[in-house]
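Visitor: This note's numbering applies: residue 13 is where the sequence shown begins, and numbers increase by one. For every residue, glycine included, the Cβ atom is placed at its ideal position computed from N, Cα and C.
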Amino acid sequence: MPTSDTGGALEEIQIFANSPYSVQVFEVLTDGPTTGRALAEQTGASRSTVSRILTKGESRGWVDSEGSQYELTDMGETMTNEFHDFLQTVKGIRHLGEMIRFLPPPARELDPRHLRDADIITPTETNPVKPFDYLAEWIRAANKKRSLARLAVSRFVKLIHDQSVQGQLDTESVIEASWFDTLGAEPKQIPIWQTRAERGDVLVYDGDVPISLHIIDRTVGFWLSEDDQNGVEGLVVTDDPAVVSWARSLYEDYRAEAKPLNPTMLPEA
Numbered sequence: 013m014p015t016s017d018t019g020g021a022l023e024e025i026q027i028f029a030n031s032p033y034s035v036q037v038f039e040v041l042t043d044g045p046t047t048g049r050a051l052a053e054q055t056g057a058s059r060s061t062v063s064r065i066l067t068k069g070e071s072r073g074w075v076d077s078e079g080s081q082y083e084l085t086d087m088g089e090t091m092t093n094e095f096h097d098f099l100q101t102v103k104g105i106r107h108l109g110e111m112i113r114f115l116p117p118p119a120r121e122l123d124p125r126h127l128r129d130a131d132i133i134t135p136t137e138t139n140p141v142k143p144f145d146y147l148a149e150w151i152r153a154a155n156k157k158r159s160l161a162r163l164a165v166s167r168f169v170k171l172i173h174d175q176s177v178q179g180q181l182d183t184e185s186v187i188e189a190s191w192f193d194t195l196g197a198e199p200k201q202i203p204i205w206q207t208r209a210e211r212g213d214v215l216v217y218d219g220d221v222p223i224s225l226h227i228i229d230r231t232v233g234f235w236l237s238e239d240d241q242n243g244v245e246g247l248v249v250t251d252d253p254a255v256v257s258w259a260r261s262l263y264e265d266y267r268a269e270a271k272p273l274n275p276t277m278l279p280e281a
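Structure (structure tokens):
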């Protein structure tokens with residue numbers, strides 16, 4: 013983009029950024045024509061501040077006026093909507109903070125604005141397993157769970173099994189096939205996996221699973237970790253519809269290529 017075009021774009025962005033009231037004034041106008049006095053009352057801005065914002069909007073062709081009534085033009089509505097989306101994206105990035113570098117590759121496809129209200133559960137000095145405790149309580153209260161994972165965390169294996177056997181949890185998991193090669197080191201878990209294999213609620217994916225996520229009822233949680241590492245930096249939890257839709261689609265993609273866990277794949281207990 014030529015420098016002059018960049019400069020013009022930045023000037024228009026500055027109209028929104030000059031005052032915290034600018035975005036509010038234009039967003040109120042997306043609801044329809046109104047007066048400067050009403051805009052001041054709804055935004056808490058002074059009449060002079062509102063007048064200055066409207067004048068700048070008119071100079072850019074974003075606002076039309078007739079008498080005391082002001083309304084957005086098509087250009088103004090588009091600019092307002094696009095800036096609103098940009099603002100939400102920035103909020104999402106700021107909310108993730110340093111955790112953004114631990115996003116698993118598939119989650120990097122998400123628009124950060126859909127994570128701006130997510131809960132980010134991280135280990136603390138007093139509770140280094142806080143994300144795991146959170147997930148355990150979440151599972152205990154759940155009705156339905158679908159998981160896509162690189163591996164099965166031992167502390168959840170019996171919990172999920174017990175909840176399922178008691179009829180409290182409808183569960184299904186797609187797990188990376190190579191993880192089952194390590195199961196010989198956990199002989200106490202083998203009977204549980206044999207039972208789950210017989211129930212048909214475990215599928216194995218013959219390849220790399222680049223994310224560990226849980227779709228529990230209408231909420232999604234996915235783990236934050238270093239690339240290609242199993243260490244946990246935190247757990248992101250959200251019920252944002254776009255993230256839930258993304259997670260369900262991702263799960264179904266891997267599920268379609270997975271095969272039911274065959275009891276013969278398991279080592280002897």
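According to DSSP, is residue 182 part of a helix, a strand, or is it coil?
Guide: Correct three-state label for residue 182: strand.
Visitor: Helix, strand or coil: how does DSSP classify residue 272 here?
Guide: Residue state, collapsed to three classes: strand.
Visitor: Rounded to whole angstroms, what is the Cα-Cα separation between residue 120 and residue 43?
Guide: Approximately 33 angstroms between the Cα atoms of the pair.
Visitor: Once DSSP output is grouped into helix, strand and coil, what is the label at residue 225?
Guide: Strand, per DSSP.
Visitor: In whole angstroms, what is the alpha-carbon distance linking residue 280 and residue 202?
Guide: Each residue's alpha carbon lies about 7 angstroms from the other.
Visitor: With 16 as the cutoff for other CB atoms within 10 Å, does residue 143 come out buried or exposed?
Guide: So residue 143 counts as buried.
Visitor: Any contact between the segment 160-168 and the segment 210-230? By contact I mean 3 or more CB pairs, one from each, below 8 angstroms.
Guide: Touching, per the Cβ criterion.
Visitor: Report yes or no: do three or more beta-carbon pairs, one from the segment 121-141 and one from the segment 235-255, lie closer than 8 angstroms?
Guide: With a cut-off of 8 angstroms, the segment 235-255 and the segment 121-141 count as touching, because enough Cβ pairs lie within range.
Visitor: Below 8 angstroms between beta carbons: does that hold for residue 39 and residue 72?
Guide: No, the Cβ-Cβ distance between residue 39 and residue 72 is not below 8 angstroms.
Visitor: On the CB-based measure, 16 or more other CB atoms within 10 Å of its CB, does residue 175 come out buried or exposed?
Guide: Residue 175 comes out buried.
Visitor: Once DSSP output is grouped into helix, strand and coil, what is the label at residue 131?
Guide: Here residue 131 sits in strand by DSSP.
Visitor: DSSP three-state label for residue 18, please.
Guide: Here residue 18 sits in helix by DSSP.
Visitor: From residue 47 to residue 31, what distance separates their C-alpha atoms?
Guide: Going from the Cα of residue 47 to the Cα of residue 31 covers about 19 angstroms.
Visitor: How far does the beta strand (DSSP E) with residue 58 in it extend, from its first residue to its last?
Guide: First-last for residue 58: undefined, no H or E at that position.
Visitor: Using the C-alpha atoms, what's the distance from residue 96 back to residue 2?
Guide: Residue 2 is absent from the model: the chain starts at 13 and stops at 281.
Visitor: Looking at the structure shown, is residue 162 part of a helix, part of a strand, or coil, going by DSSP?
Guide: Coil at residue 162, not helix or strand.
Visitor: Could you tell me how far apart the beta carbons of residue 274 and residue 209 are, in whole angstroms, since I believe they sit closer than 8 angstroms?
Guide: Residue 274 to residue 209, Cβ: 7 angstroms. Contact.
Visitor: Does the Cβ-Cβ distance between residue 41 and residue 84 come in under 8 angstroms?
Guide: It is a contact, given that the beta carbons lie within the stated cut-off.
Visitor: For residue 269, which of 187, 243, 82 has the nearest alpha-carbon?
Guide: It is 187.
Visitor: If you reduce the DSSP assignment to three classes, tell me which class residue 42 lands in.
Guide: Residue 42: coil per DSSP, three-state reduction.
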